[in-house]
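Using this note's numbering, you'd call the opening residue of the sequence shown number 21 and step up by one each time. Think of the CB as a built atom: it goes at the ideal place given N, C-alpha and C, for glycine as much as any other residue.
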Amino acid sequence: MKKSSKPAGVSSVNSHKKEQFIRNSSDLQRKQELKERVAEWKSSAEWLEEFSLESCKLTLSHLLSHCSTTSTGLREDTQLEIGAAQLVDFEVQLYQAVETYHSRIQWLTQGSRKVFGTIKGLRLGVLIDSSDINCSEERLEDFQDSLLLLLDEQFSVKKQLHFLSFGTEVSSLWDRPRDVTLMSLQEAQQWVLQLRQSGKCNLLQALERVWSTAHALDSLLIILGSCPDQDANNIFTYITQSMHDKVPCVHIVAYNCSPVVIEIAKNIADFTKGRYHLFTPALGVVDSSSDLEPLWAEIKAARDVLHHIHNMRHGQLKDMTVSVDSEISTDLENLSLSDMKLEADDASAALCIQPPDPLPTTSAEWLKTNSLKAKKLGLYQMLAPNVYSSLEGFVPILGKTVHSTVHEKAMVQFMWHDGTMKNVHVDMSLLQNYQKRLLEAERVLEDRVMWLSSTGSHQIWGTICEQRVQILLDMSEMNTDNQLHIKYAVQLLLQEQLSSTHSFNIIVYGSDIKAWSDQMVPPTNENLQDVWQWIHGLECGGGRNTLAAVQHAIKAESNNDSSLTHGIYLLTTGLPDQDSVNKSAVVTEFCSGPGPQVHVCLFTREGSLLCQTPSHITWTETAEVLRGLAHAGNGRFHWITDTAIVESDDVIALIAEMEKAANYWQKCCELVDSLVQRSSSGDAEETQFQENSSPAQALGPRHKLPPPKPTKLSLARLEVRPKRDLSAHLATSWEPPRLVNSAKRRKEKISHSVFYLEDGGLGTVFKTYLKPRSDKKFVSTIKLPKHEDICSTKQWLRRFGIKTLKLDLHKLVSGPECTHRKKMVQTVHKSVSAKYCTIFPSVHFNGCVRHLLLSPGELKQYLLQTERILQRYIQRTQWLLSGSRRVFGCVLEKAVSVVLDVSGSMAPCLPELQKDLTSLIWEQFHTNRVRFSMVAFSGEVRVWQAELMDATEQRCKEAEHWLGQLSTHGETSTLNALQAGCAFEDSLGVYLVTDGSFDSSFSLVLKEAERLTAGKHITVHTIALNCQNSTARDFLKKLAHKTRGRFHQAPSHTDTATANDLLSCNFSEGEDSALPAFEGDDLRRLKEEIEKLRMFRKQAKVFREIILAKNPEVV
């Protein structure tokens, strides 16, 4: 995977309407571009009509046409003569053609083309195998994802589509082909997501069904995932008989099939003169394809011609002698590795050696002085002096614990690195200076990444950081095609980096090991030129004895001066011949202590899919083994292709630091946004002085000040006199326009001046007065996570609930300015509303009349934000209803024991429970690396493992096998089962799966659960299966809540389907549509929040209509 070199920038949030317009425009533009591009897609046979070796005049016969023939005088032997420039030019064109073929192969193995190939035709019929094998639980999710990608990339640009699925029976999405529209594509997506196992594979019936509409189709796609029920000869006979009529072009895909099915697919393609595509998802590679095979054939033909050119340079071509005139260079001088054109200098050419530079350092060492922490740019470190925690305390008169709210009102709330919420005083100048320094540090990181990723030896080898360096080159037989790349890489290294080292040596290996020198030598110009001449004369051959080469290099360094740093750099293109475990163990043993560091550079070709080894493993697996070898040798791993860096430990460390900087920048922007939001949503009015709070007010009526004394203050001193001394006097000389609660007002400075009166008193002139501020609570833009957090709904809603996000509509319209004023008038003997009440729209709200002071624009913004929140709630609900979370809920802990009730009452649900538990093990335990064990109980208790096990693949398979052997019988010994389940560790999550039929008394079980969890971090979660008894269900809830756990009851399949239908259509069936009742804590809380939000949205729409009806001119 390629790393991004820059962190994501932080941009301001545009309005929702503008975002929607841009998104729609970009979608339309993408569709149009895709349509134009697909229209130009050709099959490889059509493409090769223009780009084949024959079309490009690059065959052997064309090469011979450039030669002149002469006969020797003594014999009739023919001698060919060709100019060196012509031969080199022809060779360059061949290499460019090979790279073009590789580029097309790479294009054909991306996106949906990798799984299904390129689909021809505009009116397409699609037959999808929905048999039990092809739609099994292991395959279905990946298969559906691939089909959805195919819909988006290729089907969306067709004119007509017709979908059929075939299992035991054949079913179709539509009765006849339909035009491709947005609606039809959405229906097709829903149909794909609803594919399920439907028996056997009745391909013949599906062909008969689709052949009836063949006249309306010009292409037929058959996706086959299992062996058809019918004999292959019967299928071929039917196809042959149907060939008399007009038959659409057939494209057949064998998806993860056996060799028998692959043979059937190829024969069907041959019978119909169509195309085939063979794909294996487990390996992630295309096994064969009608599009790929011609390209590989062309590549093979090009390599044969290149082999003939190689023989011509040695003076022989078949039975003819060849003379190459004025041959200057035996390789391709004007090409470079980074441009995918294979450069290698002539052996006689001198190296352009750069002058020595100071040795660079690894990114890990470099970050010790240039990281954010080293530069004291940690965000939490910068904010720490201005951070305050909320105070909590027990108030006896209230009988509960309360926390202070002063900081929350005066400061900005900020999530600290330990997950707690802190109150932060934001200093804008300090924050801006921090952001400026953060940008400078990020630019320094970017510059180093660009330096490491630049073309040259740094891109191929990384940085050579040691003083004594040994280079190990893989020159095995499997590197014959990469020989020029390897020599070019060594040439760059000799020219750019080795001159800065203390000493060096180069060792090449295949089956045998060859060293250029018996000992390390200084990097003089003479030595570097000599080693280049030696490298240039090497040829690839033999096996890949990497372990022996590494041992040879390590032993050569064992007796040398340990005061100098040692480094071994291994350049290879695949797995060693030895076992990876033994190899890593040997390297670890030799590199322990002050020994040399082993760095591994893996080079792969961009177009190759598999490693060139007998096992044909993927490059990802190869990289994993070599990465382990490098890390075992305390070194770095570097993986490149002929176009770019794929993975580099040096770059990864820098990218992680840049992502940290981007995260800090984002949090700074959130702090600024929170501060701006707080400022904009402040109170409308503010009071500087209140009569009831001033000292002068407490003295009663105002008294005239005594005449001034001779020691009275001057005007200059009065101006700088502390405000607290002057406020008592000013409070008696100025009446505030309105009495308000000062605790809710922020104090502002008043510009004024003072002077002496004739009688010696003080006078005050106010230059500026308080500006009224709005009490409105504006709706701000909210930020929501894209991915699901593994936490309970209660914890999740603390962060993203309606109250936390300040979207409670009742509070937004419940301020003091919204109060409806009524007063009893004695003369008329009735309550009369204030005159201004008729100006504002009024609504009945929680039994009271409230005025609506929100504008239609603010309510529109509220509806937009709550729509986003509703979509996010729907997404999490669907996540909780999917997979094993539907049955068991979300597993929160990293250490878990599952306690299973296998008593006689559980017999009806055991088969389905075993299947669901298997899904739980793989989907949650294995994926999230949860340590677990299981306890099964009936009359007795059986424990799978006495200790918690890591969820490795082997352990998960063992647990799955153990579950398959369980059977139901006997009574329900819940008490003993709980004791066994809580005995693993002191920090544990216990998941009790039962139907609630206990033999022990409920009170006894509760007391024992409290005793087992007292003083420990043990949480008991209860999961009710087939529990119809309300008393037992209430007990399971009480058991979970007493131990700080959650109660969960899996919704029925009917309720799940109903909920998914409502959620997928975004409650479009009507305002009164409601989700089914959920008993489990997580789903119930989330459903209540969804219903509350829907109610607020409904009320907001009504309020907006009332305001618009009252004031139509208001926007």
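Which residues share a DSSP beta bridge with residue 1009?
BP columns for residue 1009 point to 916, 1039.
One question on the structure: do residue 1124 and residue 876 come within less than 8 Å of each other, judged by their Cβ atoms?
With a cutoff of 8 Å on beta-carbon distance, residue 1124 and residue 876 are scored as near each other.
Contiguous alpha helix (DSSP H) assignments of at least 4 residues, all confined to the stretch 539–605:
Inside the stretch 539–605, DSSP marks whole alpha helix (DSSP H) runs of 4 or more residues at positions 545–556, 566–578, from first to last along the chain.
Considering only their Cβ atoms, is the gap separating residue 515 from residue 370 smaller than 8 Å?
At a Cβ-Cβ threshold of 8 Å, residue 370 and residue 515 do not count as neighbours.
Check whether the stretch 461–475 touches the stretch 413–420, taking contact to mean three or more Cβ pairs, one atom from each stretch, closer than 8 Å.
No: fewer than three Cβ pairs fall under 8 Å.
DSSP state of residue 94 mapped onto helix, strand, coil
Residue confidence is low: residue 94 scores 45 on pLDDT, short of 50, so the model does not pin down where it sits. Its coordinate-derived value is still stated next. In the structure shown, residue 94 sits in coil (DSSP, three-state: anything other than H, G, I, E or B).
Note down, in chain order, each residue of its chain lying with its Cβ closer than 6 Å to the Cβ of residue 135, except the 5 sequence neighbours on either side.
Cβ contact annotation for residue 135 (same chain, cutoff 6 Å, sequence separation greater than five): 166, 299, in chain order.
Could you name each continuous beta strand (DSSP E) segment of 3 residues or more that falls completely within the stretch 181–239, going from the start of the chain to the end?
Qualifying beta strand (DSSP E) stretches, in chain order: 190–192.
For residue 441, the residue or residues it bridges with in DSSP
DSSP output for residue 441 lists 435 as bridge partner(s).
Any 3 or more C-beta pairs closer than 8 Å across the stretch 318–333 and the stretch 271–290
Result no; under three Cβ-Cβ pairs closer than 8 Å.
Using CA coordinates, which residue listed in 229, 623, 879, 219 is at the minimum distance from residue 509?
The candidate whose alpha carbon is nearest that of residue 509 is 623.
Drop a sphere of 10 angstroms on the beta-carbon of residue 683, count the other beta-carbons inside from all chains shown, and report buried for 16 or more, exposed for fewer.
So residue 683 ends up on the exposed side.
Using only the alpha-carbon positions, how far apart do residue 112 and residue 73 sit?
Distance from the CA atom of residue 112 to the CA atom of residue 73, rounded to whole angstroms, is 13 Å.
Supposed close pair residue 1008, residue 1043 - CB separation, criterion 8 Å:
Not really, about 16 Å apart at Cβ, beyond 8 Å.
In angstroms, rounded to a whole number, what distance separates the CA positions of residue 664 and residue 285?
If I take the Cα positions, the gap works out to 38 Å.
Could you work out which residue in 590, 638, 597 is closest to residue 618 when comparing CA atoms only?
Of the candidates 590, 638, 597, the one whose C-alpha sits nearest the C-alpha of residue 618 is 590.
Is it true that the CB of residue 301 sits closer than 8 Å to the CB of residue 162?
In this structure, the beta-carbon distance from residue 162 to residue 301 falls below 8 Å.
Along the beta strand (DSSP E) that carries residue 295, what are the first and last residues, could you check?
Where residue 295 is concerned, the enclosing beta strand (DSSP E) stretches over 295–300.
Hey, out of 1030, 1078, 485, whose CA is closest to residue 999's CA?
The shortest C-alpha separation from residue 999 is found at 1030.
Specify the secondary structure class of residue 615 as computed by DSSP and reduced to three states.
It is coil, neither helix nor strand.
Integer Cβ distance of residue 526 from residue 533, believed to fall under 8 Å:
That pair is no contact at about 12 Å.
Best match in 454, 929, 889 for proximity to residue 1114 [C-alpha to C-alpha]
Checking every option, the nearest Cα to that of residue 1114 belongs to 889.
Are the stretch 1042–1062 and the stretch 1071–1083 touching, with three or more C-beta to C-beta distances below 8 Å?
Verdict: no, contact absent.
7 Å Cβ shell around residue 921 - same chain, five flanking residues per side excluded:
Non-local beta-carbon contacts of residue 921 in its own chain, meaning distances under 7 Å to residues more than five positions away in sequence, involve 957, 992, 1013, 1014, 1015 in chain order.
How big is the Cα-Cα spacing for residue 382 and residue 397?
Their Cα atoms are separated by approximately 21 Å.
Since residue 961 and residue 691 are thought to touch, with beta carbons under 8 Å apart, how far apart are those beta carbons, to the nearest angstrom?
With a contact defined as Cβ atoms closer than 8 Å, residue 961 and residue 691 miss out at about 54 Å.
For residue 332, the three-state DSSP class (helix, strand or coil):
In this structure, residue 332 counts as helix in the three-state DSSP scheme.
Do the stretch 1093–1106 and the stretch 895–907 touch if we need at least three Cβ pairs shorter than 8 Å?
The stretch 1093–1106, when compared against the stretch 895–907, does touch it at the 8 Å Cβ threshold.
Does the stretch 221–234 touch the stretch 142–152, meaning 3 or more C-beta pairs lie closer than 8 Å?
Yes, they touch.
Please report the straight-line C-alpha distance between residue 175 and residue 900, rounded to a whole angstrom.
Inter-residue distance for residue 175 and residue 900 is about 31 Å (C-alpha atoms, whole angstroms).
Integer-rounded CB distance, given that residue 268 should sit under 8 Å from residue 239
Indeed they touch by this definition, with Cβ atoms about 5 Å apart.
Candidates 537, 575, 506, of which the one nearest residue 556 by Cα
Closest by alpha carbon: 506.
Whether residue 462 touches residue 681 by CB criterion (8 Å)
A contact, by the Cβ cut-off of 8 Å.
Buried or exposed by the 16-neighbour rule on C-beta atoms within 10 Å, applied to residue 874:
So residue 874 counts as buried.
Cβ-Cβ separation, residue 594 to residue 563 (assumed contact under 8 Å), whole Å
Not confirmed; about 11 Å, so no contact.
Rounded to whole angstroms, how far is the Cβ of residue 245 from the Cβ of residue 287, which I believe are closer than 8 Å?
That belief does not hold up - the Cβ atoms of residue 245 and residue 287 are roughly 17 Å apart, past 8 Å.
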